[in-house]
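Chains as they are written, first to last, in this note's numbering: chain A, 334 to 691; chain B, 334 to 691.
By construction, the Cβ of each residue, glycine as well, lies at the ideal position given by its N, Cα and C atoms.
Source: prediction; values computed, not measured.
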DNA sequence: TTGAAAGCGCTAACAG
DNA sequence: CTGTTAGCGCTTTCAA
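Okay, here's the thing in structure tokens:
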């Protein structure tokens, strides 16, 4: 409770100047051993805790990297209106935890830890009564964001001040680094697998094409179909996290007459939901219809049947992002004109039961 | 790249004082509408991003809560020496992700988000070349730690400066709030379940009794045994995260002659590992021996057989912690003498296959 | 409603 | 090796 001790208090108690106190902590070797011990003792006695704010202000560096992510409570369809089918299928976050973003975030955490940076987590708020983007941006040395969480103009501005990286397929802002998985290739191979190994012919894609990743996946899907002389159907609109939209997509499929051979979802989250909806509709997967996902989240291993999917190197995506911004940070003063990185990591096909594989 | 804009730049461009700029952001209603617009326009034009450090220094608040957790690379036995059995059983973190700490952290994140706080993540480092504890402590308004990550004297000191909460069973530092699950009760009931429902008699506990949680679990275990007229055996030393220790514990069991009826592990992490070790030794679970865990992590649902355990309300533990420190923060100035919270959340028995339940 | 001015606690030249 | 001295950018009285 006592007023927190400052460098001045420590300096006074140790009988030295505040500069010496500062050096004792920041550049120990610059201070004579005996002096250092005195200072350390004084600091300990006073319960001195250096102020991160003051340090950041004076040095111009915070030692933290920011991660800006989604608002998980965003899904008004589930939390708010509560459509019956949402409740039935258990569409809440905990049902799927850890999600794609959680695993990527885990990679970010691990790499920050390894590199000695603290990680400042923030994100969209359901109630936009605050302005958290500048809030977090002003407190970190570099910023990492998930696609779609920060508007382009804001990203643009921020990227002029600090290194900014977005997990996204698209390149929309000049100076922003991007890291993504090979969405096109993954979906191409998965589609090809269904066609060649399982002899499926009528394949339907469901996803939210406004998102760059999903669009790339759809393009991989249509490319594979074309290469095998098949024609693509238009994508069914469905959005991960908006259970209602996925329910409607699946229902549309059920109502449209004979089922296609396969339903290829843009994400595992949607696919697992689809599995659950199909089952409660009495449709057998994979016998009546094959279902696939994309991402490789744990929920796909726990589903019935287990989910065939494309696994992204989630942890590695996170680690790569951190490495990239730290590198950018080091070049920041030196060569401001360094080109932003545009990284694409390889993915892996995961054959499980939902496509008909054993 | 341009030197980042400050209040001075914005003030100059808007033709007002820096105080007005500050007010525009912090207390909009105090500024005339037209002035505010002018300031906002100037800020936007300059790409102004308020400095969190300066703000924190001046206001004395950071708007962030710190979470200090384990170093996941800590396990030298796995990463370093690489005992063969560690490699065999796949003892790395990703095998178990998300761990107990991850799910608790998730709750912390969610609640911080909901309450408008940013979350600063930090933790022990394998290489202790830095001093991250004060580092993070100096940058946040309140600190949450996992038991055992911060030495008591440090906790003591920090708790005199900011609200501190530890996820721990023990109360070792006066002013530190604690949140924990009911370890004793959970293990008591689990032990009772094995005795009453499955008729088991010789039960062995494995865990790291130096940890308060594990000790409480062991005590619940012995209490249940005593209440049923059975005698407890000494606990086998095993530590979660230190695969080698668990391997040795299980091996000791195998070498000691006839197997006991059950192996009750202090954590799921150890139990899942035990399952894997027993299987490779040709021992059938639960037929030859029952195995149980504690925590309720996802890995226990994926194991073969699935793991009977006690589930802690992990997300809720995290959320409760955040609520508690925020409340403490609000009382901080008002009534410094507020007693620290000592919370204990209820747990739930989860019957799965590894104890012999269907 | 706005401005002037005094810090907040620390770092980093620059002297000595 | 240590001390002096400017700030770092913002918040916050207190006046006007």
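Exercise. What is the DSSP secondary structure of residue 635(B), counted as helix, strand or coil?
Worked result: helix
Exercise. Apart from the five residues just before and just after residue 621(B), which ones in its own chain have a Cβ nearer than 7 angstroms to its Cβ?
Worked result: 592
Problem set entry | Residue closest to residue 368(A), alpha-carbon to alpha-carbon, out of 352(A), 664(A) and 434(A) | 352(A)
For this session: Quick one: grab the DSSP three-state call for residue 616(B).
Result: coil
Exercise. Quick one: is residue 540(A) buried, meaning 16 or more other Cβ sit within 10 Å of its Cβ, or exposed?
Worked result: buried
For this session: Give me whichever residues DSSP pairs with residue 400(A) in a beta bridge.
Result: 454(A) and 477(A)
Exercise. Is residue 544(A) helix, strand or coil when you go by DSSP?
Worked result: coil
Problem set entry | Exposure label - residue 393(B); buried when at least 16 CB within 10 Å | exposed
For this session: Say whether chain B places a C-beta atom closer than 9 angstroms to the C-beta of residue 633(A).
Result: no
Exercise. At least one CB of chain B closer than 9 angstroms to the CB of residue 451(A): is that the case?
Worked result: yes
Exercise. Would you say residue 427(B) reaches chain A, if we count a Cβ-Cβ gap shorter than 9 angstroms as a contact?
Worked result: yes
Problem set entry | Within chain A, partners of residue 395(B) - CB distance below 7 angstroms | 386
For this session: Select from 576(B), 433(B), 469(B) and 555(B) the residue whose C-alpha is nearest the C-alpha of residue 453(B).
Result: 469(B)
Exercise. Taking Cβ positions only, does residue 445(A) come closer than 9 angstroms to chain B?
Worked result: yes
Exercise. Do you know offhand how far residue 538(A)'s Cα is from residue 566(B)'s?
Worked result: 58 angstroms
For this session: Determine which residues share a DSSP beta bridge with residue 598(A) and list them.
Result: 539(A)
Exercise. Between which two residues does the alpha helix (DSSP H) containing residue 500(A) stretch?
Worked result: From DSSP, residue 500(A) is part of no alpha helix (DSSP H) but of the beta strand (DSSP E) over 497–500.
For this session: Reducing DSSP to helix, strand and coil, say where residue 531(A) ends up.
Result: coil
For this session: Determine contact between the region 523–535 of chain B and the region 476–483 of chain B, defined as no fewer than three beta-carbon pairs at a distance below 8 angstroms.
Result: no
Problem set entry | Contact set between residue 469(A) and chain B, taken where Cβ atoms lie within less than 7 angstroms | 451
Problem set entry | Whole runs of the alpha helix (DSSP H) within the region 645–675 of chain B, excluding any shorter than 4 residues | 647–667
Exercise. Between residue 446(A) and residue 456(B), which are expected to be in contact by the criterion C-beta below 8 angstroms, what is the C-beta distance as a whole number of angstroms?
Worked result: 6 angstroms
Problem set entry | Residue environment, residue 438(A), which counts as buried when at least 16 other CB atoms sit within 10 Å | buried
Exercise. Exposed or buried, what is residue 672(A) when buried is set at 16 or more other beta-carbons lying within 10 Å of its beta-carbon?
Worked result: exposed
Problem set entry | From 662(A), 586(A), 451(A) and 618(A), residue whose alpha carbon lies closest to that of residue 282(A) | Any question about residue 282(A) goes unanswered here, given that chain A covers just 334 to 691.
Problem set entry | Buried versus exposed, by CB contacts within 10 Å (16 or more), residue 510(B) | buried
For this session: With a cut-off of 8 angstroms on the beta carbons, I'd call residue 645(B) and residue 683(B) a contact; round off their distance for me.
Result: Not really, about 10 angstroms apart at Cβ, beyond 8 angstroms.
Problem set entry | Nearest-angstrom Cα separation, counted from residue 588(A) out to residue 580(A) | 12 angstroms
Exercise. For the putative contact between residue 475(A) and residue 662(A), defined by C-beta atoms under 8 angstroms, what is the C-beta separation to the nearest angstrom?
Worked result: 5 angstroms
For this session: Check the C-beta distance from residue 648(A) over to residue 440(A) and give it rounded, since I have them as a contact under 8 angstroms.
Result: 4 angstroms
For this session: Reducing DSSP to helix, strand and coil, say where residue 570(A) ends up.
Result: strand
Exercise. Comparing alpha-carbon positions, which option in 449(B), 665(B), 466(B) and 498(B) lies nearest residue 716(A)?
Worked result: Because chain A is modelled from 334 through 691, residue 716(A) falls outside the range shown and cannot be assessed.
For this session: Tell me, please, whether the CB atom of residue 578(A) is closer than 9 angstroms to any CB atom in chain B?
Result: no
Problem set entry | Secondary structure of residue 642(B), DSSP reduced to three states | strand
For this session: Quick one: give me the first and last residue of the alpha helix (DSSP H) that residue 585(B) is part of.
Result: 576–588
Exercise. Going by Cα to Cα distance, which pick from 507(A), 343(A), 397(A) and 360(A) is closest to residue 371(A)?
Worked result: 343(A)
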